[in-house]
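*Asks:* Take this structure, written in structure tokens, and hold onto it; I'll ask about it next.
Here it is as structure tokens:
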């Protein structure tokens, strides 16, 4: 690691092979992966169908540019629009942060009249996370992310909770940007009725609703989008992580099809042949998994194992939060949480930290029952210490 910038606190392990939710290191030690690369490897490691689609595409065209038509990009855009239920258009990029930047640009341009900025303020929530670019860092409602890199762009306001959003709206407000389940903030789902009411009120005031589904999208919460689970239709939805199954891709779906014009925005790599072919295959695989009932069965079984942990260790955990396979164990305090994550790694099961005291779980959506059982057996041993 001598030549890498010191931007990550890495565990000292080198993985060389993966299959489903199982990883092997260079010493051939076996690990159970309850993280999927932080919600990215949605169809599992070493997925044969995804690998074949990527290889097939790589043998033909990996990349040209967005100066020319890209058939798999057009096909994936159609799939995203139809499955999201949003009558709109799609912009492709390379990451969640880029998708959120695009959403902010669409909102800001929508708020302009004849080139003069009329409405530009965006309300986000405390404890949110929207990315690591300058604008998305400022959109993130956590002070620890604002310690350096200033001056930041202005026009961002933070609400304490959904109800407080109404107190922050003024005549310069153009959008509200939220995660339906705050992932990095601790796996905190918002009340469905509260979100539906928020959407209705914002529409009355012509204020855009941007839903950051970078982590919740592509069946992570049990439906194609968390927005589908919440039965809302946002003006803008952002996606990334699980869409490419490990291939970098981001996407923005918006009903505001005519806001951006040629030259307003772009991406060199966004939506290239390789990334969109991967996205199409991931969705095909997960569609089949969803329609067969296997996804629901896996989610229910995984949740039952989390509930077992809370019952078995009531001195360490308060409960379970989240939807689908975006879950967390609420530890009694951050010290317990940190100790569990560390000892879980020692027992060769990978879990994540989130928020102040949550142990976060984002396993591959195609994880097997046997892998779930093995992972939780190891986790129990880690918790026992």
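Numbering (our numbering), first residue to last: 25 to 409.
Each residue gets a CB set at the ideal place from its N, CA and C atoms; glycine is no exception.
This one's a predicted model, so the numbers in the text were calculated from it and none came from an experiment.
At a cut of 8 Å, does the segment 90-101 reach the segment 162-180 through at least three beta carbon pairs?
*Replies:* Contact between the segment 90-101 and the segment 162-180 is absent, because fewer than three Cβ pairs lie under 8 Å.
*Asks:* Distance check for residue 108 and residue 246, CA to CA, integer angstroms please.
*Replies:* On the chain shown, residue 246 is found 222 positions in, with the first residue counted as 1. On the chain shown, residue 108 is found 84 positions in, with the first residue counted as 1. One C-alpha to the other measures close to 13 Å.
*Asks:* Assuming residue 264 and residue 120 are in contact, meaning their beta carbons sit under 8 Å apart, how far apart are those beta carbons, in whole angstroms?
*Replies:* As a position in the chain shown, residue 264 is number 240, starting the count at 1. As a position in the chain shown, residue 120 is number 96, starting the count at 1. The pair is a contact, with the Cβ atoms about 4 Å apart (cut-off 8 Å).
*Asks:* Go through its chain and collect everything with a Cβ distance to residue 277's Cβ below 6 Å, but skip five positions before and after it.
*Replies:* Here residue 277 refers to the residue found at position 253 when the chain shown is read from its first residue. Closer than 6 Å at Cβ, skipping near neighbours: 104, 108, 110, 112, 114, 261.
*Asks:* I need the straight-line Cα distance from residue 189 to residue 198, nearest angstrom please.
*Replies:* Translated into the one-based positions of the chain shown, residue 189 becomes position 165. Translated into the one-based positions of the chain shown, residue 198 becomes position 174. Those two C-alpha atoms are separated by around 13 Å.
*Asks:* Could you compute how far the alpha carbon of residue 248 sits from the alpha carbon of residue 155?
*Replies:* Locating residue 248 in the chain shown gives position 224, counting from the first residue. Locating residue 155 in the chain shown gives position 131, counting from the first residue. C-alpha separation (whole angstroms): 22 Å.
*Asks:* Drop a sphere of 10 angstroms on the beta-carbon of residue 79, count the other beta-carbons inside from all chains shown, and report buried for 16 or more, exposed for fewer.
*Replies:* Taking the chain shown and counting its residues from 1, the one referred to as residue 79 is at position 55. It is exposed - the Cβ of residue 79 has fewer than 16 other Cβ atoms within 10 Å.
*Asks:* What are the boundary residues of the beta strand (DSSP E) that residue 43 is part of?
*Replies:* The sequence position of residue 43 within the chain shown is 19, counting from 1. Residues 39-43.
*Asks:* Which stretch, first to last residue, makes up the beta strand (DSSP E) that contains residue 56?
*Replies:* Within the chain shown, numbered from 1, the residue matching residue 56 stands at position 32. Unbroken beta strand (DSSP E) run through residue 56: 54-57.
*Asks:* In terms of alpha-carbon separation, which member of 61, 209, 402 lies closest to residue 42?
*Replies:* Indexing the chain shown from 1 puts residue 42 at position 18. Here the closest residue by C-alpha is 61.
*Asks:* With a Cβ-Cβ cutoff of 8 Å, do residue 58 and residue 375 count as a contact?
*Replies:* Counting from one through the chain shown, the residue named residue 58 turns up at place 34. Counting from one through the chain shown, the residue named residue 375 turns up at place 351. It is a contact, given that the beta carbons lie within the stated cut-off.
*Asks:* Hey, could you find the ends of the beta strand (DSSP E) residue 49 is sitting in?
*Replies:* Position 25 of the chain shown, counting from 1, holds the residue named residue 49. 46-49 is the span of the beta strand (DSSP E), which, as asked, contains residue 49.
*Asks:* Are there three or more Cβ pairs, one per stretch, closer than 8 Å when the segment 76-90 is compared with the segment 250-258?
*Replies:* Verdict: no, contact absent.
*Asks:* Could you compute how far the alpha carbon of residue 72 sits from the alpha carbon of residue 403?
*Replies:* Residue numbering aside, residue 72 sits at position 48 when the chain shown is read from its first letter. Residue numbering aside, residue 403 sits at position 379 when the chain shown is read from its first letter. Their Cα atoms are separated by approximately 28 Å.
*Asks:* Give me the Cβ distance between residue 274 and residue 118, rounded to the nearest whole Å; I'm assuming they're in contact under 8 Å.
*Replies:* As a working note, residue 274 is residue 250 in the chain shown. As a working note, residue 118 is residue 94 in the chain shown. Confirmed, about 6 Å.
*Asks:* Let's test the definition: count the other Cβ atoms within 10 Å of the Cβ of residue 146 and tell me whether it reaches 16, buried, or not, exposed.
*Replies:* Taking the chain shown and counting its residues from 1, one reaches residue 146 at position 122. By the 10 Å Cβ count, residue 146 comes out buried.
*Asks:* Just the C-alpha distance for residue 333 and residue 383, rounded to the nearest angstrom, thanks.
*Replies:* The sequence position of residue 333 within the chain shown is 309, counting from 1. The sequence position of residue 383 within the chain shown is 359, counting from 1. Rounded to whole angstroms, residue 333 to residue 383 spans 12 Å at the Cα level.
*Asks:* Measure how close the beta-carbons of residue 242 and residue 267 come, nearest whole angstrom, since I'm counting them as under 8 Å.
*Replies:* One-based indexing of the chain shown puts residue 242 at position 218. One-based indexing of the chain shown puts residue 267 at position 243. Residue 242 to residue 267, Cβ: 5 Å. Contact.
*Asks:* What number of angstroms, rounded off, separates the C-alpha of residue 360 from the C-alpha of residue 371?
*Replies:* Within the chain shown, numbered from 1, the residue matching residue 360 stands at position 336. Within the chain shown, numbered from 1, the residue matching residue 371 stands at position 347. Rounded to whole angstroms, residue 360 to residue 371 spans 16 Å at the Cα level.
*Asks:* When the distance is taken between beta carbons, is residue 142 closer than 8 Å to residue 136?
*Replies:* Mapped onto the chain shown, residue 136 falls at position 112. Mapped onto the chain shown, residue 142 falls at position 118. In this structure, residue 142 lies closer than 8 Å to residue 136 by Cβ.
*Asks:* Just checking my contact of residue 386 with residue 350 at CB under 8 Å: how many whole Å lie between their CB atoms?
*Replies:* In the chain shown, counting from the first residue as 1, residue 386 sits at position 362. In the chain shown, counting from the first residue as 1, residue 350 sits at position 326. The pair is a contact, with the Cβ atoms about 6 Å apart (cut-off 8 Å).
*Asks:* Does residue 324 have its Cβ less than 8 Å from a Cβ in chain C?
*Replies:* Absent from the structure is chain C; it holds one protein chain and no more.
*Asks:* Within the same chain, show all residues whose beta-carbon is closer than 6 Å to that of residue 127, passing over the 5 residues directly before and after it, in chain order.
*Replies:* Locating residue 127 in the chain shown gives position 103, counting from the first residue. Cβ neighbours of residue 127 beyond the five flanking positions: 234, 260, 262, 276.
*Asks:* Once the 5 residues before and after residue 388 are set aside, which same chain residues still bring their CB inside 6 Å of it?
*Replies:* The residue you call residue 388 lines up with position 364 of the chain shown. Closer than 6 Å at Cβ, skipping near neighbours: 45, 60, 65, 68.
*Asks:* Quick check: residue 340 and residue 355, are their CB atoms within less than 8 Å of each other?
*Replies:* Here residue 340 refers to the residue found at position 316 when the chain shown is read from its first residue. Here residue 355 refers to the residue found at position 331 when the chain shown is read from its first residue. Yes, they are a contact pair.
*Asks:* Mind checking whether the beta-carbon of residue 124 lies closer than 7 Å to any heavy atom of the ligand GDP?
*Replies:* With respect to the ligand GDP, the structure offers nothing, as it holds no ligand at all.
*Asks:* Considering only their Cβ atoms, is the gap separating residue 392 from residue 313 smaller than 8 Å?
*Replies:* Here residue 313 is taken as the residue at index 289 of the chain shown, counted from 1. Here residue 392 is taken as the residue at index 368 of the chain shown, counted from 1. No, the Cβ-Cβ distance between residue 313 and residue 392 is not below 8 Å.
*Asks:* Please name the residue in 183, 225, 177 whose C-alpha comes closest to that of residue 144.
*Replies:* Position 120 of the chain shown, counted from the first residue, corresponds to residue 144. Nearest option by C-alpha distance: 177.
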